[in-house]
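Down below is the structure, laid out as structure tokens.
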Amino acid sequence: LAKTTQPISMDSYEGQEVNITCSHNNIATNDYITWYQQFPSQGPRFIIQGYKTKVTNEVASLFIPADRKSSTLSLPRVSLSDTAVYYCLVAEGTGGFKTIFGAGTRLFVKA
Amino acid sequence: NAGVTQTPKFQVLKTGQSMTLQCAQDMNHEYMSWYRQDPGMGLRLIHYSVGAGITDQGEVPNGYNVSRSTTEDFPLRLLSAAPSQTSVYFCASSYSWGQGTEAFFGQGTRLTVV
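So the protein lines, in turn, are chains Z and B.
Okay, so the first sequence: first residue is 29 according to the working numbering, each after it adds one.
Okay, so the second sequence: first residue is 1264 according to the working numbering, each after it adds one.
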């Protein structure tokens, strides 16, 4: 299973765009890149998943370069409620049943 | 549709006691897993199952047993609780593992072993 590296923490202000980058140098051909969000005292929640190029949904965008050795989660115009831990996962499929979570990135959104 | 339900939400055990953490999902998902999360850390995979009757070990299986007799339920059993097992435990399920699917997590069980 591919190991991921993310910043430990990030600060932002309300209304700003936040980009969190994840490194996964040994990603395998069959691996997908998935991001989860976790609030205190709650289980992680799926945000977005991609294999290559760009994926966008109502919550976030995911940018994946051609070599797939890194990925960037982009959160547009964050609010205080986006304060959470964000996990980057690399696994064959979305995982959830056989996935290694790293320590994640703690995002603090300030007013 | 309740999703993934974990019981109990909180539990205090004495060292050496055994107990079972319950996990049930009503989404007919084949894939289920158990994680533990220690303070300030990410989730570590304990055991997982790809269907009824099929289980396998994750990163940190020692001290835990699982069984999967039905699609809906995936209980986690602590054989002889130790203070090192103090943690928050999360159960997750997904209907597949391919592109476009997602894993659903329960609200967690906070376990303290004294």
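Note that CB positions come from ideal geometry on N, CA and C, so glycine has one too.
For A1287 of chain B against D1336 of chain B, the beta-carbon gap comes to about 5 Å, under 8 Å, which counts as contact. A Cβ-Cβ contact shorter than 9 Å links S1281 of chain B with S1343 of chain B. Close to Q1370 of chain B, with beta-carbon spacing below 9 Å, are these residues of chain Z in chain order: S69, Q70 and G71.
With its beta carbon less than 9 Å from one in chain Z, Y1298 of chain B belongs to the interface. Among the residues of the segment 34 to 61 of chain Z, those with a Cβ less than 7 Å away from any Cβ of chain B are Y60, in the order of the chain. For the segment 1343 to 1360 of chain B, the set of residues with a beta-carbon nearer than 9 Å to any beta-carbon of chain Z comprises V1351, F1353, C1354, A1355, S1356, S1357, S1359 and W1360, in chain order. Closest by C-alpha distance to V1323 of chain B, out of B:V1267, B:Y1352, B:T1334 and B:A1315, is B:Y1352. In this structure D39 of chain Z is in contact with K138 of chain Z, their Cβ atoms being roughly 7 Å apart against a cut-off of 8 Å.
According to DSSP, residue pairing for S69 of chain Z in a beta bridge does not occur. P72 of chain Z is a Cβ neighbour of F1368 of chain B, given a cutoff of 9 Å. D110 of chain Z and L135 of chain Z have their alpha carbons spaced roughly 8 Å apart.
Counting every other CB atom within 10 Å of its CB across the protein chains shown gives G1279 of chain B a total below 16, marking it as exposed. Listed along the chain, the chain B residues whose CB falls inside 7 Å of the CB of F74 of chain Z are E1365 and A1366. When Z:V113, Z:L90 and Z:T62 are compared, the shortest CA-CA separation from F74 of chain Z is found for Z:T62. F129 of chain Z counts as buried, since no fewer than 16 other beta carbons sit within 10 angstroms of its beta carbon. With contacts defined as CB atoms closer than 9 Å, R1331 of chain B and A1315 of chain B qualify as a contacting pair.
According to the DSSP assignment, Y41 of chain Z belongs to the beta strand (DSSP E) that extends over S37 to Y41.
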